[in-house]
Amino acid sequence: MNRLNVSLAKSALLLFCLAPCFTNPAQAQMKPPTGYVDKLYILDGGVGHASSATPWFNMLVPSNTPVDISAYAHLIKHGDTWMMFDTSTSDTIAAMPNGFTAGSSGIRWVKTPAQTMTAQLKLVGITPADIKLIAISHNHADHTGNVSEFKNATVLIQRLEYEQAMAKGGSPAGPPSAGEIFERNHPVSLLDGDYDVFGDGSVILFYTGGHTLGHQVCLVRLKNTGYVLLSGDAVHFRSNFDTRRIPRIETATDENQWLWSVPLAFERVAALMNFYHAQLWVHHDIADYKGRKFAPGFYD
């Protein structure tokens, strides 16, 4: 049996053994929810252009099929508290005429001045100083790109993710000239699993793992819209989730754990959707957001 088949067999066994742990998502919230989020805004963080969709769609498309990748952030109003889930790509990219090509992924990220976080917050009538909480799905620069712009905000991040991000005395950096995008001394609240942010069931962060060791998704409860589950990178594209295909499977190894951790993340997302009757909003899927309202429009 070759290495890939051995890994797949191990994945299947682990999935079978651990799946029950992911099918009871209510464990973060033992009492019925009592609260709602007042407003949920979508902030457009620009577009990434990739020359090949194969790493994400895993043989669902011909090789060298180009794909555009979104980088949304979400703004949440809960009473007098403003919170964000992810902060998109660094706003410094808006000043780069040809955008910024990110490392080994080869994605060329572009954004306009109107797509910066500051410009879109202004449409809502607030500034970065008004943001008190930032929940981070995971430590990749297209999700943490502007953390350091929110000096008054406490970052809610899984302990596993934070320790990996700050390993060996470093801290996450952004595009050239951006410097640190998530400073080592930035205020943080380290989470060990699921977390009810306001204690009323209106915003719950659920640990999924998968794409990274400490990945988390965000469940938002709205009075008129119902439950919305913000995917981060637990799901990259809706077709990945619908077909249960693992992104970047050609580079999956025993070390990065994608062969077994991503399927578990998929199943936790499915369990959350089923339990809460939640809509899934897929962070990187431009088509998934087609027709949705963007700031200053909102959901309530």
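Anchor point for the sequence shown: position 141 equals 141 in our numbering, and the numbering is continuous, going up by one each time.
Backbone N, C-alpha and C define an ideal beta-carbon position, used for all residues, glycine too.
Please read these numbers as outputs of a predicted model, since none were measured by experiment.
Check                                                                                                                                                                         : Outcome
Please state the DSSP three-state secondary structure of Met320.                                                                                                              : For the chain, the structure presents residues 1 to 300; residue 320 sits outside this window and is missing.
Measuring straight from C-alpha to C-alpha, what distance separates His138 and Val220?                                                                                        : 18 angstroms
Determine the closest residue to Leu302 out of Met117, Thr81, Asp288, with distance taken between C-alpha atoms.                                                              : Residue 302 lies beyond the stretch modelled for the chain, which goes from 1 to 300, so this question has no answer here.
Does Ala26 come out as helix, strand or coil in the three-state DSSP assignment?                                                                                              : Unreliable positioning characterises Ala26 in this predicted model, as indicated by a pLDDT of 49, which lies under 50. The coordinate reading is nonetheless provided below. Here Ala26 sits in helix by DSSP.
Return the first residue and the last residue of the alpha helix (DSSP H) that Asp142 is part of.                                                                             : 141-144
Arg292: buried (16+ other C-beta within 10 angstroms of its C-beta) or exposed?                                                                                               : exposed
Please state whether DSSP places Asn2 in a helix, a strand or coil.                                                                                                           : The pLDDT assigned to Asn2 is 45, lower than 50, so where the model puts this residue is not dependable; a value taken from the coordinates is nonetheless given after this. In this structure, Asn2 counts as coil in the three-state DSSP scheme.
First and last residue of the alpha helix (DSSP H) that includes Met83?                                                                                                       : Note, Met83: premise wrong, no alpha helix (DSSP H); beta strand (DSSP E) at 81-85.
Measure the beta-carbon distance from Leu190 to Tyr162 and round it to whole angstroms, keeping in mind my assumption that it falls under 8 angstroms.                        : 6 angstroms
Rounded to the nearest angstrom, how far is the Cβ of Leu229 from that of Leu272, given a contact under 8 angstroms?                                                          : 6 angstroms
Could you give the DSSP three-state label for Thr154: helix, strand or coil?                                                                                                  : strand
So does the segment 207-217 actually touch the segment 114-129, counting three or more Cβ pairs closer than 8 angstroms?                                                      : no
Just to confirm my understanding: we take Thr65, look at its own chain, exclude 5 residues before and 5 after, and list those with CB closer than 6 angstroms. What are they? : Ala53
First and last residue of the alpha helix (DSSP H) that includes Phe241?                                                                                                      : 238-243
List the residues that DSSP assigns as beta-bridge partners of Arg108.                                                                                                        : His49, Thr101
Grouping DSSP H, G and I as helix and E and B as strand, with all else coil, what is Leu123?                                                                                  : helix
Counting beta carbon pairs with one atom in the segment 261-270 and one in the segment 31-39, are three or more of them shorter than 8 angstroms?                             : no
Can you list the beta strand (DSSP E) stretches of 3 or more residues lying completely in the segment 191-235, in chain order?                                                : 203-207, 216-222, 226-230
In terms of residue numbering, what span does the beta strand (DSSP E) encompassing Gln279 cover?                                                                             : 279-281
Pick helix, strand or coil for Ala173, following the three-state DSSP scheme.                                                                                                 : strand
Counting pairs of Cβ atoms below 8 angstroms between the segment 224-239 and the segment 178-185, do you hit three or more?                                                   : no
Return helix, strand or coil for Lys168, following the three-state DSSP convention.                                                                                           : helix
Could you please give the first and the last residue of the uninterrupted beta strand (DSSP E) stretch that includes Ile76?                                                   : 73-78
Mapping DSSP to helix, strand and coil, what is Glu180?                                                                                                                       : strand
Please name the residue or residues paired with Asp68 in a DSSP beta bridge.                                                                                                  : His49
Suppose the cutoff is 7 angstroms on Cβ atoms and the five residues either side in sequence are ignored; what does the same chain contact list for Ala26 look like?           : For Ala26, the pLDDT reaches just 49, beneath the cut-off of 50, and the residue's location in the model is therefore unreliable, although a value from the coordinates is still provided. If we look at Ala26 and ignore the five residues flanking it on each side, its Cβ neighbours are Phe275.
Given a threshold of 16 other Cβ atoms within 10 Å of its Cβ, counted over all protein chains shown, does Arg268 qualify as buried or as exposed?                             : buried
What is the rounded straight-line gap between the Cα of Leu133 and the Cα of Lys151?                                                                                          : 10 angstroms
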